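In my numbering, the protein residues as written are 3 to 137.
Data block below; observations after.
This is how it looks when you write it as structure tokens:
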């Protein structure tokens with residue numbers, strides 16, 4: 003199953019509108035793939051491999067929202083994502099998938115899908131790279 007890959011984003015994605023659109027659509031496709039994975043994962047199954055990149059995406063979006071004047075850091079989407087981080091942190095700590103958290107994570111991914119289209123691409127790329135161990 004394809005997943006959100008925590009790798010560095012090339013600088014051109016932050017300044018080239020076509021590269022931004024392509025990157026945004028690839029991120030959205032990855033988010034949809036992760037939503038599908040939520041429903042294919044069994045209760046108690048190891049989940050760090052697919053939950054850690056989702057957590058990174060959530061944190062990158064929250065950090066970007068705090069810096070982006072177009073998006074308020076207390077918006078509905080950001081609040082939902084913060085709640086989803088709480089659920090995903092618990093599962094990562096236990097390395098055990100909990101079906102009870104599926105709706106919370108799916109809703110968080112829905113909000114991430116919307117925010118990916120709203121946030122400033124250059125700011126998002128900077129935060130993504132920072133979390134991926136880059137600049």
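Note that CB positions come from ideal geometry on N, CA and C, so glycine has one too.
The structure displayed is predicted, hence computed values, not measured ones.
Can you tell which of 64, 69, 126 has the C-alpha that lies nearest to the C-alpha of residue 78? Sequence index remark: in the chain shown, residue 78 carries index 76 (1-based). For the options 64, 69, 126, the alpha carbon positioned closest to that of residue 78 is the one of 64.
Euclidean distance between Cα positions of residue 108 and residue 18: If you number the chain shown from 1, residue 108 lands on position 106. If you number the chain shown from 1, residue 18 lands on position 16. It is roughly 30 Å from the alpha-carbon of residue 108 to the alpha-carbon of residue 18.
Which word fits residue 97, buried or exposed, when buried means at least 16 other C-beta atoms lie within 10 angstroms of its C-beta? On the chain shown, residue 97 is found 95 positions in, with the first residue counted as 1. The residue is exposed, with fewer than 16 neighbouring Cβ atoms inside 10 Å.
Element boundaries [alpha helix (DSSP H), containing residue 66]: Working through the chain shown from its first residue, we reach residue 66 at position 64. Unbroken alpha helix (DSSP H) run through residue 66: 50-69.
At least 3 beta-carbon pairs within less than 8 Å: the segment 43-52 vs the segment 74-89: No, the segment 43-52 is not in contact with the segment 74-89.
Residue 66 versus 121, 45, 112, 99, residue with shortest Cα-Cα distance: Residue 66 sits at position 64 when you count from the first residue of the chain shown. Nearest of 121, 45, 112, 99 to residue 66, Cα basis: 121.
Close-in-space but distant-in-sequence residues of the same chain around residue 126 (CB under 6 Å, 5 per side omitted): Mapped onto the chain shown, residue 126 falls at position 124. Cβ neighbours of residue 126 beyond the five flanking positions: 66.
On the DSSP letters alone, give me the boundaries of the alpha helix (DSSP H) that residue 145 sits inside. Within the shown structure, residues of the chain are numbered from 3 to 137, placing residue 145 beyond reach of any answer.
Rounded straight-line distance, which links the Cα of residue 37 to that of residue 105: Within the chain shown, the letter at position 103 stands for residue 105. Within the chain shown, the letter at position 35 stands for residue 37. As the crow flies, the alpha-carbon of residue 105 is around 10 Å from that of residue 37.
Are any of the Cβ atoms in chain C nearer than 8 Å to that of residue 107? Of the protein chains in the structure, only one exists, and it is not chain C.
Cβ-based burial, residue 7 [other Cβ within 10 Å; buried from 16]: By 1-based counting over the chain shown, the position of residue 7 is 5. Residue confidence is low: residue 7 scores 49 on pLDDT, short of 50, so the model does not pin down where it sits. No coordinate-derived value is stated.
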